[in-house]
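Residue numbers (my numbering), protein chains in the order written: chain A, 48 to 181; chain B, 13 to 158. Each residue gets a CB set at the ideal place from its N, CA and C atoms; glycine is no exception.
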């Protein structure tokens, strides 16, 4: 009888872990030939080395003429300390940067001049790390 | 009879205000409601015919002046040829050279440089930002923005 309860308890524990949902970390990829970078923020942040990073940001500066100049930028660095950096003043791409969230996957591309040509964010449950599971 | 004419006057005023309100863009809706509410509330008390006419005139005037298209468009164009901006452009290029010579830019250096770049006219601003970006991508300047 006791053995039966132990089996049931074990089954419940196992089923609890099995209901964790998909986890699909996306490590940093930086392709300097095709000028693209990607990775999810959490995985890149907690990678084994202390070199990698990825992300995008926005700045607004007083233009001295009563308006503001907006810059957006995306940047990534891999463990070999190679850097991919791009800038943009394109309003639509600036809007894309604003779509960021805590557990986003980031992807961006740039042209030879260093201008961002593509900025993507995707916020999915499978980027949330397991330690945050209740 | 006099009372009837007041009611007619108030009604016609309310219709005009309603029409004006419908013709307004959403942004000026609050202003219109405040103005429209004034004569309707006061009509319940004792007012003269001239006062009602004055309210309608004021409401119409307010509606016209609050139209966005009635305001003069303020547009500041920065000329690429402005002498002061040439000096700023030279300053930006010089700072870029300094950062390249030291092969490193702190976040503060980058912010300061970008603030200057932001004041340049569009073409020069674009070129300066690209020069900074390319220097970072090919390793002439190491550093990152926060």
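Legend entry - C-beta contact flag for residue 71 (chain A) and residue 173 (chain A) at 7 Å: A Cβ-Cβ contact shorter than 7 Å links residue 71 (chain A) with residue 173 (chain A).
Inset, instruction - My understanding is that residue 133 (chain A) touches residue 120 (chain A), with C-beta atoms under 8 Å, so please give their C-beta distance in whole angstroms. - result: By a beta-carbon distance limit of 8 Å, residue 133 (chain A) contacts residue 120 (chain A). Their separation comes to about 7 Å.
Inset, instruction - Determine, using beta carbons only, whether residue 148 (chain B) and residue 130 (chain A) come nearer to each other than 7 Å. - result: Less than 7 Å divides the Cβ of residue 148 (chain B) from the Cβ of residue 130 (chain A).
Legend entry - the segment 92–104 of chain A in contact with the segment 119–128 of chain B per 3-pair CB rule at 8 Å: In the pairwise beta carbon analysis, the segment 92–104 of chain A is classified as not touching the segment 119–128 of chain B: fewer than three pairs are separated by under 8 Å.
Inset, instruction - State yes or no: is the beta carbon of residue 120 (chain B) nearer than 7 Å to at least one beta carbon in chain A? - result: Interface residue (Cβ-Cβ distance to chain A less than 7 Å): residue 120 (chain B) is not classified as such.
Inset, instruction - Flag residue 134 (chain A) as yes if its beta-carbon sits less than 7 Å from any beta-carbon of chain B, otherwise no. - result: Yes, residue 134 (chain A) counts as interfacial toward chain B.
Inset, instruction - Rank B:134, B:113 and B:100 by C-alpha distance to the C-alpha of residue 115 (chain A) and give the top, closest one. - result: Comparing Cα positions, the closest option is B:134.
Inset, instruction - Using a Cβ-Cβ cut-off of 7 Å, state whether residue 78 (chain B) counts as contacting chain A. - result: Per-residue confidence for residue 78 (chain B) stands at a pLDDT of 45, beneath the threshold of 50, marking its modelled position as unreliable; no derived number is given.
Inset, instruction - Kindly indicate if chain A contains any beta-carbon less than 7 Å away from that of residue 156 (chain B). - result: So yes, residue 156 (chain B) belongs to the interface.
Legend entry - Residue from A:68, A:142, A:154 and A:139 whose Cα sits closest to the Cα of residue 75 (chain A): Checked all of A:68, A:142, A:154 and A:139; the closest Cα to residue 75 (chain A) is A:154.
Legend entry - Enclosing beta strand (DSSP E) for residue 156 (chain A) [first to last residue]: In this chain, the beta strand (DSSP E) harbouring residue 156 (chain A) covers 151–157.
Legend entry - Beta carbon proximity, residue 155 (chain A) to chain B, threshold 7 Å: The beta carbon of residue 155 (chain A) does not come within 7 Å of any beta carbon belonging to chain B, so the residue lies off that interface.
Inset, instruction - To the nearest angstrom, report how far apart residue 168 (chain A) and residue 125 (chain B) are at their CA atoms. - result: Just so you know, the alpha carbons of residue 168 (chain A) and residue 125 (chain B) end up roughly 28 Å apart.
Inset, instruction - Tell me the start and end of each unbroken alpha helix (DSSP H) in the segment 103–149 of chain A that is at least 4 residues and wholly inside, in chain order. - result: Here the runs fully enclosed are 138–144.
Inset, instruction - Determine, using beta carbons only, whether residue 151 (chain A) and residue 88 (chain A) come nearer to each other than 7 Å. - result: Judged by their CB atoms, residue 151 (chain A) and residue 88 (chain A) are nearer to each other than the 7 Å cut-off.
Inset, instruction - Mind listing the chain A neighbours of residue 131 (chain B)? Cutoff is C-beta to C-beta under 7 Å, in chain order. - result: The contacting residues are 110 and 111.
Legend entry - Straight-line gap, residue 109 (chain B) to residue 112 (chain A) (C-alpha atoms, nearest Å): One Cα belongs to residue 109 (chain B), the other to residue 112 (chain A), and the distance between them is close to 27 Å.
Inset, instruction - Starting from residue 127 (chain B), find everything on chain A with Cβ-Cβ shorter than 7 Å and list it in chain order. - result: Neighbours of residue 127 (chain B) on chain A, chain order: 108.
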